[in-house]
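Residue numbers (my numbering): -10 to 298.
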């Protein structure tokens, strides 16, 4: 059986680019150093935040290799995950093998969506089944209708996929708490399947429904705050966890959703000093919008600072 993905917080980091849009490994190093030893369980390269669709195959490999090297330097306890979803099982398998050879320990895989009308439950199941059988590393399903033309994998298919030996979890960015509870009630410990919330704004409700971790974009700026929410829940301190959850909703919304990926990078640049630009056709946002994101992040950064001391 494939190794389970542990409970905890997995941060989906951006790719960093220079002014000419070349890869910026100095920015990557600063960010991994910032995230190291904060209680995170792992780092996700080339998820939606990582602009995977804007990278060449060679760049994907370069980033994972460099990221793995930096993790070994600053915090070897962190697991390495990589987004490898593509529009066919064959290409997804190829990207997954490349990622594994570069140092990824798990693959995060979206369902194909270009031929949306053909993506029946059977097609989606057969896609993930084939990828999982051919992958050298365990697969984490990535359900995010916002980037797959609205494709939202149904719960019955997800429960079936959870039974496959090389599929070990799901990142649910659909915000459907009922789905979390449905799946949690139908999987067994022997299924080796981990439920991860896909955003900080519904993290606590997801935990209450059976999730055991989260993949929050907010952890790029406030990793300790996200880890603390999980700790409070596990300690049974629900009142304190609820208060922290409420404090993180607006910062998460501002960073992740106000202006999309360009907003993530601009917000990070404002509050951390690195973040950089997105690749064309994505365009940088105006400074006043970036400042609004930074202002909204203040409450999360206050929590982060208190936890650092």
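All residues carry an ideal CB built from backbone N, CA and C; glycine is no exception.
Span of the alpha helix (DSSP H) holding residue 356?
Here the chain comprises residues numbered -10 to 298, so residue 356 is not present and cannot be evaluated.
DSSP beta-bridge partners for residue 80?
Residue mapping note: residue 80 aligns to position 91 of the chain shown, counting from 1. None; residue 80 has no bridge partner.
Short Cβ contact (8 Å threshold) for residue 216 with residue 27:
In the chain shown, residue 216 corresponds to position 227, counting from 1. In the chain shown, residue 27 corresponds to position 38, counting from 1. Yes, these two residues count as a Cβ contact at 8 Å.
Would a C-beta distance cut-off of 8 Å place residue 302 and residue 140 closer than the cut-off?
Since the first residue of the chain shown is -10 and the last is 298, residue 302 is not available in this structure.
Reducing DSSP to helix, strand and coil, say where residue 125 ends up.
As a working note, residue 125 is residue 136 in the chain shown. Coil.
So residue 204 is in the alpha helix (DSSP H); what residue range does that whole segment cover?
Taking the chain shown and counting its residues from 1, one reaches residue 204 at position 215. Taken as a continuous stretch (DSSP letters only), residue 204 belongs to no alpha helix (DSSP H), as it is neither H nor E.
Which stretch, first to last residue, makes up the alpha helix (DSSP H) that contains residue 154?
Translated into positions along the chain shown, residue 154 becomes position 165. Element bounds for residue 154: n/a, residue is neither H nor E.
Which residue comes first and which comes last in the beta strand (DSSP E) that contains residue -1?
Here the question's residue -1 lines up with position 10 in the chain shown. Its beta strand (DSSP E) spans residues -3 to 1.
Which runs of the alpha helix (DSSP H), 4 residues or longer, sit entirely within the stretch 215 to 298?
227 to 245, 249 to 261, 276 to 285 and 287 to 297
Among 205, 184 and 198, the one whose alpha carbon lies nearest that of residue 190:
For the purposes of this step, residue 190 is taken as the residue at position 201 of the chain shown. If we check each option's Cα against that of residue 190, 205 comes out closest.
Segments of 4+ residues assigned as alpha helix (DSSP H) that fall wholly inside the stretch 35 to 60:
none
Would you mind giving the Cβ-Cβ distance between residue 166 and residue 195, rounded to the nearest angstrom? I have them listed as a contact below 8 Å.
Here residue 166 refers to the residue found at position 177 of the chain shown. Here residue 195 refers to the residue found at position 206 of the chain shown. Confirmed, about 6 Å.
Would you please state the rounded distance, in angstroms, between the beta carbons of residue 183 and residue -6? I believe it to be under 8 Å.
Against the chain shown, residue 183 aligns to sequence position 194. Against the chain shown, residue -6 aligns to sequence position 5. So it is a contact: roughly 5 Å between Cβ atoms.
Nearest-angstrom beta carbon gap, residue 60 and residue 33 [assumed within contact, 8 Å]:
By one-based count along the chain shown, residue 33 stands at place 44. By one-based count along the chain shown, residue 60 stands at place 71. So it is not a contact: roughly 12 Å between Cβ atoms.
Out of 294, 45, 228 and 148, which has the shortest C-alpha to C-alpha gap to residue 260?
Counted from its first residue, the chain shown places residue 260 at position 271. Closest option to residue 260, Cα to Cα, is 294.
From residue 106 to residue 115, what distance separates their C-alpha atoms?
Residue numbering aside, residue 106 sits at position 117 when the chain shown is read from its first letter. Residue numbering aside, residue 115 sits at position 126 when the chain shown is read from its first letter. Whole-angstrom Cα-Cα distance: 16 Å.
Answer yes or no: the CB of residue 210 versus the heavy atoms of the ligand ZN, is any distance below 7 Å?
As presented, the structure is devoid of all ligands, the ligand ZN included, so that no description of it is given.
I need the DSSP call for residue 130, collapsed to helix, strand or coil.
Here residue 130 refers to the residue found at position 141 when the chain shown is read from its first residue. Looking at residue 130 - three-state DSSP - the assignment turns out to be strand.
With distances taken from CA atoms, which of 25, 298 and -3 is nearest residue 65?
As a working mapping, residue 65 is identified with position 76 in the chain shown. The residue with the shortest Cα to Cα distance from residue 65 is 25.
In terms of residues, what are the limits of the alpha helix (DSSP H) holding residue 169?
Along the chain shown, one-based indexing puts residue 169 at 180. Segment 166 to 173, the alpha helix (DSSP H) holding residue 169.
Between 145, 268, 198 and 150, which lies nearest to residue 130 when the distance is taken from Cα to Cα?
Counted from its first residue, the chain shown places residue 130 at position 141. The residue with the shortest Cα to Cα distance from residue 130 is 150.
Here's the rule I'm using: 16 or more other beta-carbon atoms within 10 Å means buried, otherwise exposed. How should residue 46 be labelled?
Here residue 46 is taken as the residue at index 57 of the chain shown, counted from 1. By the neighbour-count rule (16 or more Cβ atoms within 10 Å), residue 46 is not buried but exposed.
Whole-angstrom C-beta distance between residue 240 and residue 200, which should lie under 8 Å
Taking the chain shown and counting its residues from 1, one reaches residue 200 at position 211. Taking the chain shown and counting its residues from 1, one reaches residue 240 at position 251. Actually they do not touch by this definition, with Cβ atoms about 20 Å apart.
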